[in-house]
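J.: Once you've had a glance at the structure underneath, I'll fire off some questions.
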Amino acid sequence: MNKEFFDAVEVLQKEKNISADALYEKIANAFVIAAGHTYGTKEGIYCDINPEERTVYLYMKKTVIPDEEFDNASVLEITADEAQKYKSGAVVGDEVEIPIEVNDFGRIAAQTVKHVLRQGIREIEHEQVLQEFQSRNQEIVTAKVLGIDDRTGNLTLEIGKAETILPKIEQIPGEEFEINQLIKVYIVDVKDTDKGPKAIISRTHPGLVRRLFEQEVPEIFDGIIEIKGVSREAGSRTKLAVYTKDPDIDPVGACIGQKGSRVTKIVSALNGEKIDIVSYSEDPAKFVAAALAPAEIINVNIISESLHSCQVTVPDTQLSLAIGNKGQNARLAAKLTGWKIDIKPESGFYQPAIQI
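Counting in this note's numbering, the sequence shown runs from 2 upward without gaps.
This is how it looks when you write it as structure tokens:
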């Protein structure tokens with residue numbers, strides 16, 4: 002029985018990709034619970050599994066009591082005479098191990114073993130998936146497209162050994178996918194639900210852009226260049242503020258790469274999304290001016306530091322560029338800096354002022 006048992010466990014371990022120690026722990030627990038059904042209690046029942054020696058030892062510990070107390074003895078007690086069969090010289094007060102034969106389990110006990118073992122394996126798989134998701138929380142992972150819902154547009158993705166859903170709203174507008182396609186997604190959060198671990202994933206989250214730059218720009222990964230902020234309207238445009246204490250390094254140029262090599266890879270991964278990379282400054286006026294790129298700025302007047310409000314003056318010819326299509330450039334600059342931006346042309350001719 003032992004050979005067949007351990008061979009079966011090895012096959013199960015490989016199929017489920019489960020730690021042998023965790024699997025043997027669940028099996029031992031299943032044997033204890035099954036034996037408990039037979040004896041009316043699992044108290045005092047133990048199971049030792051030794052895979053190296055290929056032995057399974059299931060037993061109950063009983064306490065030796067005087068013969069005269071036998072009539073009132075519990076299942077966990079044994080007389081001295083009876084105890085001699087298992088431990089020579091046993092006296093009152095000793096603990097004696099009584100072997101339990103697994104092969105003697107009845108049909109109900111055998112079914113209990115199967116049920117508890119299945120539940121135990123589900124618990125192990127649940128924990129493994131949860132740990133895998135948690136270890137990648139707020140990171141980029143590569144996922145495989147398993148299915149596409151024609152009605153909702155939601156994707157069913159495979160991440161490691163688990164499946165999860167990428168809602169249509171979390172997809173970059175205009176993207177199209179194919180079955181078995183590999184895509185990068187950002188794990189926004191991880192939740193442990195009644196139905197199992199759930200990864201909240203997105204391709205529209207600003208964190209995706211941040212992590213892509215960390216992957217493509219070694220200076221960011223090494224901490225030489227710091228990403229100070231990201232504002233994004235997925236599928237259209239992103240603004241990224243970068244900073245370094247090293248005076249010999251151009252943080253914007255490093256992120257763009259030689260002939261745009263680095264940023265081009267990221268734009269491609271984001272389905273052509275435009276990316277503005279600007280220098281961060283602790284001077285709010287300089288930061289706001291940089292954030293409104295590619296527009297030229299004449300002046301930034303701080304109206305209220307406490308309210309984070311400022312007025313920006315631009316050449317008349319740059320007004321449309323500063324505001325952007327449907328106000329996008331100004332809107333993203335405001336999100337990036339955290340400042341309310343009132344944009345006015347140099348001539349003051351255009352009224353009313355554009356405030357974001």
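Built from N, CA and C at the ideal position, the CB exists for glycine as well. Computed from a prediction, not measured in an experiment: that's the story for all the values here.
Counting C-beta neighbours from all protein chains within 10 Å, is the total for G325 16 or more, i.e. buried, or is it exposed?
T.: Taking the first residue of the sequence shown as position 1, residue 325 is located at position 324. Its Cβ being crowded by 16 or more others within 10 Å, G325 is buried.
J.: Tell me whether the beta-carbon of T64 lies closer than 8 Å to the beta-carbon of E44.
T.: Along the sequence shown, one-based indexing puts residue 64 at 63. Along the sequence shown, one-based indexing puts residue 44 at 43. Not closer than 8 Å, so no.
J.: Residues in the same chain with beta-carbon distance under 7 Å from Q312, minus the five sequence neighbours each way, listed in chain order, please.
T.: As a position in the sequence shown, residue 312 is number 311, starting the count at 1. Excluding sequence neighbours, Q312 sits near N302, I304, D343, K345.
J.: Any idea what DSSP makes of E164, helix, strand or coil?
T.: On the sequence shown, residue 164 is found 163 positions in, with the first residue counted as 1. The answer is strand: DSSP assigns E164 an E or B state.
J.: Would you kindly work out how many angstroms separate the C-alpha atoms of G99 and T39, rounded to a whole number?
T.: Reading the sequence shown from its first residue, position 98 is the one you call residue 99. Reading the sequence shown from its first residue, position 38 is the one you call residue 39. The residue you asked about is not Gly; residue 99 is Ile in the sequence shown. Roughly 14 Å separates the two Cα atoms.
J.: Mark T314 as exposed unless 16 or more other C-beta atoms lie within 10 angstroms of its C-beta, in which case mark it buried.
T.: Residue mapping note: residue 314 aligns to position 313 of the sequence shown, counting from 1. Buried.
J.: Assign V12 to buried or exposed, taking buried as 16 or more other Cβ atoms, counted over all protein chains shown, within 10 Å of its Cβ.
T.: Against the sequence shown, residue 12 aligns to sequence position 11. Exposed is the call here.
J.: Does T338 pass the burial test, meaning 16 or more other C-beta atoms within 10 Å, or should it be called exposed?
T.: On the sequence shown, position 337 is the one that residue 338 refers to. T338 should be labelled buried.
J.: In chain order, what residues of the same chain have a beta carbon less than 6 Å from the beta carbon of V231, not counting five sequence neighbours either side?
T.: Indexing the sequence shown from 1 puts residue 231 at position 230. Only P207, V210, R211, L241 meet the Cβ criterion.
J.: Taking the Cβ atom as the reference point for each residue, do T239 and I298 lie within a distance shorter than 8 Å?
T.: Taking the first residue of the sequence shown as position 1, residue 239 is located at position 238. Taking the first residue of the sequence shown as position 1, residue 298 is located at position 297. No; because the gap between Cβ atoms is not below 8 Å, this pair is not in contact.
J.: Does the contact criterion of 3 or more C-beta pairs under 8 Å hold for the segment 134-143 versus the segment 26-41?
T.: no
J.: Which term fits E124, buried or exposed, when burial requires 16 or more other beta carbons within 10 angstroms of its beta carbon?
T.: For the purposes of this step, residue 124 is identified with residue 123 of the sequence shown, where counting begins at 1. Its Cβ having fewer than 16 others within 10 Å, E124 is exposed.
J.: Hey, is the segment 283-290 in contact with the segment 258-267, meaning 3+ C-beta pairs nearer than 8 Å?
T.: Cβ pair count under 8 Å is below three, so no.
J.: Taking the continuous beta strand (DSSP E) assigned at R211, which residues delimit it?
T.: Position 210 of the sequence shown holds residue 211. Premise fails: R211 lies in the alpha helix (DSSP H), 207-217, not in any beta strand (DSSP E).
J.: Can you grab the Cα-Cα spacing for the pair D72 / Q129, in whole Å?
T.: For this step, residue 72 is matched to residue 71 along the sequence shown. For this step, residue 129 is matched to residue 128 along the sequence shown. Using only the alpha carbons, I get a separation of about 50 Å.
J.: Entirely within the segment 118-206 and at least 4 residues each: give me those alpha helix (DSSP H) ranges in chain order.
T.: none
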